[in-house]
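Below you'll find the structure, written out as structure tokens, and then a few comments.
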Amino acid sequence: MSEVTDADFEAEVRGSDLPVLVEFTADWCPPCRQMGPVLRALADETGDRLKVVQLNVDHNPLTTNAYKVLSMPTFMVFSGGEPVKAMVGARPKRRLLAELDEVL
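Structure representation (structure tokens):
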């Protein structure tokens, strides 16, 4: 799982051949920290079908504002360069996988 920034969001997320799950996160957000192991496990499990990245909202305000992200964690799925699904709040891996089923 890698981090993306305002500078490389276009190339890493919108330009990806795979669907991309972006976690909009913050260092001060306990539920975001709770999602770290879940996202790493998800990335390991779906690495050939889904790219999983994190974007720190405090360090990347342009992208955060462009997608009107107000709550952390917010998960957005991008496919073909466009956002196709958004989810707010921490969730177990099983539920996250179920919500991503239509994208995978």
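The opening position of the sequence shown corresponds to residue 0 in numbering that gives the first Met the number 0, with each subsequent residue numbered one higher. Even glycine gets a Cβ: it sits at the ideal position worked out from N, Cα and C. Quick caveat, the model's predicted, so the values are computed rather than measured.
Per-residue burial, residue i [other beta carbons within 10 Å of its own, 16 or more giving buried]
| i | result |
| --- | --- |
| proline 29 | exposed |
| leucine 61 | exposed |
Cβ shell of residue i (< 6 Å), same chain only, five flanking positions each side left out
| i | result |
| --- | --- |
| arginine 48 | Leu103 |
| methionine 34 | Pro72 and Ala89 |
| alanine 42 | Met0 and Val51 |
| valine 68 | Phe23 |
| serine 15 | Lys50 |
| methionine 75 | Val21, Pro82 and Ala85 |
Residue interval of the alpha helix (DSSP H) (run including residue i)
| i | result |
| --- | --- |
| lysine 67 | Looking at the DSSP string, lysine 67 is not in any alpha helix (DSSP H), and its letter there is neither H nor E. |
| leucine 99 | 92 to 99 |
Limits of the beta strand (DSSP E) - the one that residue i falls within
| i | result |
| --- | --- |
| alanine 89 | From DSSP, alanine 89 is part of no beta strand (DSSP E); its letter is neither H nor E. |
| valine 76 | 73 to 78 |
Contacts around residue i, its chain only, beta-carbon distance under 8 Å, and the 5 residues preceding and following it disregarded
| i | result |
| --- | --- |
| threonine 63 | Phe23, Leu54 and Val56 |
Cβ neighbours of residue i in the same chain (closer than 7 Å, five flanking residues each side left out)
| i | result |
| --- | --- |
| valine 12 | Val3, Val19, Val21, Val52 and Phe77 |
Contiguous beta strand (DSSP E) assignments of at least 3 residues, all confined to the region 1 to 31: 1 to 3 and 19 to 24
Complete runs of the beta strand (DSSP E) confined to the region 33 to 64 [at least 3 residues]: 50 to 55
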